[in-house]
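In my numbering, the protein residues as written are -7 to 121.
Glycine residues also receive a C-beta, built at the ideal position from the N, C-alpha and C atoms.
Data block below; observations after.
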Amino acid sequence: MKQKRNIPFSLRARGQSFKYAFEGIKAFFKEEHNARIHLAATVMVVILSIALPVTIIEIIALTLSIGFVWVAEIFNTAIEKAMDFMSTESDSRIKVIKDLSAAAVLVAAAVALVTGCLIFIPKILACIN
């Protein structure tokens, strides 16, 4: 096993890490249609959070839910691209991996939807009444 070199801390290297991360986010929005759907949902939640009285705990719950969905979608995209890179042929094992990855996004989105409904529906109903 090859030993890892003990490289000293470098602000330049850390800056490069951020540059690569932002390039990944840019590619994610450019190439993934679901990113735009998640962005629209995020904007809607932010608008509702500004328009309706939300507590700090509710803001934390919404922020964590939104982050959960974004992270799941980004990992899903990375896994799908890795699987596509590994094989262009149809393989039932790769299909299961990609389906599980997509299922993670579905679960994250469902949790976020339930969280949003629990927070916003009572507030919207209170405004209507």
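- Query: Can you tell which of A70, A104 and K11 has its C-alpha closest to the C-alpha of I58?
  - Reply: Position 66 of the sequence shown holds residue 58. Measuring from the Cα of I58, the nearest candidate turns out to be A104.
- Look at the Cβ atom of E131, then the Cβ atom of I111, and state whether they are nearer than 8 Å. With the chain covering -7 to 121 only, the question about residue 131 has no answer from this structure.
- Compute the beta-carbon to beta-carbon distance between V61 and G108, rounded to the nearest angstrom, for a pair I have assumed lies under 8 Å. Position 69 of the sequence shown, counted from the first residue, corresponds to residue 61. Position 116 of the sequence shown, counted from the first residue, corresponds to residue 108. Their Cβ separation, rounded to whole angstroms, is 11 Å, which puts V61 and G108 out of contact at 8 Å.
- Task: Taking only the alpha-carbon atoms, compute the straight-line gap between I168 and L92 and give it to the nearest angstrom.
- Result: One cannot answer for residue 168 here, as it falls past the ends of the chain, which runs -7 to 121.
- Task: Leaving aside the five residues before and after N26 along the sequence, list all residues of the same chain whose C-beta is less than 7 Å from its C-beta, in chain order.
- Result: As a first step, residue 26 must be located in the sequence shown, where it is residue number 34. Counting only Cβ-Cβ distances below 7 Å, and skipping sequence neighbours, we find E65.
- Do E24 and T69 have their CB atoms nearer than 8 Å? Against the sequence shown, residue 24 aligns to sequence position 32. Against the sequence shown, residue 69 aligns to sequence position 77. Contact: yes.
- Query: If we ignore side chains and look at the alpha-carbon of each, how far apart do I29 and I86 end up?
  - Reply: Residue 29 sits at position 37 when you count from the first residue of the sequence shown. Residue 86 sits at position 94 when you count from the first residue of the sequence shown. If I take the Cα positions, the gap works out to 25 Å.
- Message: Please return the same chain residues whose Cβ sits closer than 6 Å to the Cβ of A100, not counting the five positions on each side in sequence.
- Response: The residue given as residue 100 occupies position 108 in the sequence shown. Closer than 6 Å at the Cβ level, and outside the excluded window around A100, lie F60, V61 and A64.
- Pick from S82, A19 and L54 that is closest to V106, judged by C-alpha positions: As a position in the sequence shown, residue 106 is number 114, starting the count at 1. Of the candidates S82, A19 and L54, the one whose C-alpha sits nearest the C-alpha of V106 is L54.
- Item | Residues near F21 in its chain [Cβ-Cβ closer than 8 Å; skip 5 each side] | In the sequence shown, the residue the question calls residue 21 occupies position 29. Correct list, in chain order: A27, R28 and L31.
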